[in-house]
Amino acid sequence: MRWVVIVLKKKFIEHSVFLIKKKKKKISKLEEKKLRYGLEAFYNLFTKAVVMIALAIIFDLTFELFLLTIIYSTLRLYGFGIHAKTSLQCWFTTLPIYLGGCLIVKYCEIPITFAYMVWIFGFISFILFAPADTPARPLIHKDKRIKAKVLSLIILSVYFMIFLNSNYYVINNAILYGVLMESFSINPLIYKISKTPYNNYKNFQKNMV
649 MRWVVIVLKK KFIEHSVFLI KKKKKKISKL EEKKLRYGLE AFYNLFTKAV
699 VMIALAIIFD LTFELFLLTI IYSTLRLYGF GIHAKTSLQC WFTTLPIYLG
749 GCLIVKYCEI PITFAYMVWI FGFISFILFA PADTPARPLI HKDKRIKAKV
799 LSLIILSVYF MIFLNSNYYV INNAILYGVL MESFSINPLI YKISKTPYNN
849 YKNFQKNMV
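According to our numbering, the sequence shown is numbered sequentially starting from 649.
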C-alpha cells in the first residue's frame, strides 16, 4: 500500500513539473527544487484533507472537523509548533489527533475545573514557548518572534473570551482541545521526545557567526 502512495505522489509531482516547464520553458535548478518541495507539500495536504473529510462524513463529524481545523489552524498561525518529520509520521499523528479530537468535541462533557486548568496551562505555554519554530523554518528575526508571540496571545485571549461567553459545548470543547494541542506542540519536551531541535533560530545564528 505504501509503495502505491509513493508512486502516485511521484507521478503527480513529475507530471506537474513537466507541465510547468512546458509552459515556462526556462526554470533554474533551485526553482525546480522549490517547486518540487511545494508540490509535495500540496499533495500531502490535499490527500490528507480528502481522507479526513471522507472519514468525518462517514462518522458524522463534519462540523466538528471544520470547527477544530479553524481553531487549531488559527492558534498555529503565530504560535507555530512542531511538525512531523515524514509524511508517514504525519499520517499517524494527524488522523488520531483530529478524528479523536472530533469525537471528544462532540461527545464529551468536560468539567469546568479541568477546562480552567487547560486555560492556565495554555496561557503559561504561550507566554513561555510561543512561537516555537522548526529546523525548516527558523524564526531568525527577533522582532518577528516578538510580534508572533503577541499575536498568538491575542488570538488565545479572543478564544478565551469566546469560551467564557459561549453556551454551546461543542464550540467550547473545540476551543479547549485546540488550545491543549497547540500548547503541547510548542512545548520543548515534545521537541525533545521527538528528537527535533528546539529554538532553531539560535542554531541559525551560531552558523552565521
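In this text, a Cβ means the ideal position worked out from N, Cα and C, and glycines have one as well.
Spatial distance of residue i from residue j (CA atoms)
i      : j      : result
Lys840 : Tyr846 : 8 Å
Ile788 : Lys850 : 8 Å
Leu687 : Pro759 : 43 Å
Leu747 : Leu713 : 8 Å
Ser735 : Ile803 : 29 Å
Lys657 : Ile838 : 29 Å
Thr710 : Lys754 : 11 Å
Arg724 : Glu830 : 7 Å
Lys681 : Lys671 : 17 Å
Ala732 : Cys738 : 5 Å
Phe740 : Val766 : 25 Å
Ile701 : Gly749 : 14 Å
Cys756 : Leu678 : 49 Å
Ile775 : Leu667 : 46 Å
Phe694 : Thr761 : 38 Å
Val698 : Ile794 : 36 Å
Ser721 : Thr844 : 21 Å
Cβ pair residue i, residue j closer than 9 Å
i      : j      : result
Pro779 : Phe728 : yes
Val860 : Leu715 : Given that the chain is displayed from residue 649 to residue 857, the structure contains no residue 860 and the question cannot be resolved.
Ile745 : Ser842 : no
Tyr816 : Ile752 : no
Thr782 : Asn692 : no
Ala641 : Ile719 : Given a span of 649 to 857 for the chain in the structure shown, any question on residue 641 remains unanswerable.
Cβ neighbours of residue i in the same chain (closer than 8 Å, five flanking residues each side left out)
i      : result
Asn820 : Ile758, Ala763, Phe811 and Ser814
Ala784 : His731
Counterpart residues of residue i in DSSP-defined beta bridges
i      : result
Ala780 : Phe728
Cβ shell of residue i (< 6 Å), same chain only, five flanking positions each side left out
i      : result
Val857 : Below a pLDDT of 50, predicted positions are generally treated as unreliable, and Val857, at 42, falls in that range; the measurement from the model is reported next regardless. No residues qualify anywhere along the chain.
Asn855 : Reliability fails at Asn855, whose pLDDT of 49 lies under 50, so the model's placement of it is uncertain and no value is given.
Leu799 : Tyr726
Leu801 : Phe774
Beta-carbon contacts of residue i that lie in its chain and below 7 Å, excluding the five residues immediately before and after
i      : result
Lys669 : Ile675
Arg684 : Ile661 and Val665
Thr742 : Lys696
Asn835 : Ser773 and Phe777
Lys792 : none
The region 697 to 707 contacting the region 655 to 672, beta-carbon criterion three pairs below 8 Å: no
Inter-stretch contact at 8 Å, needing at least 3 Cβ pairs: the region 800 to 817 / the region 769 to 785: yes
Contact the region 681 to 696 vs the region 785 to 800: 3+ CB pairs below 8 Å: no
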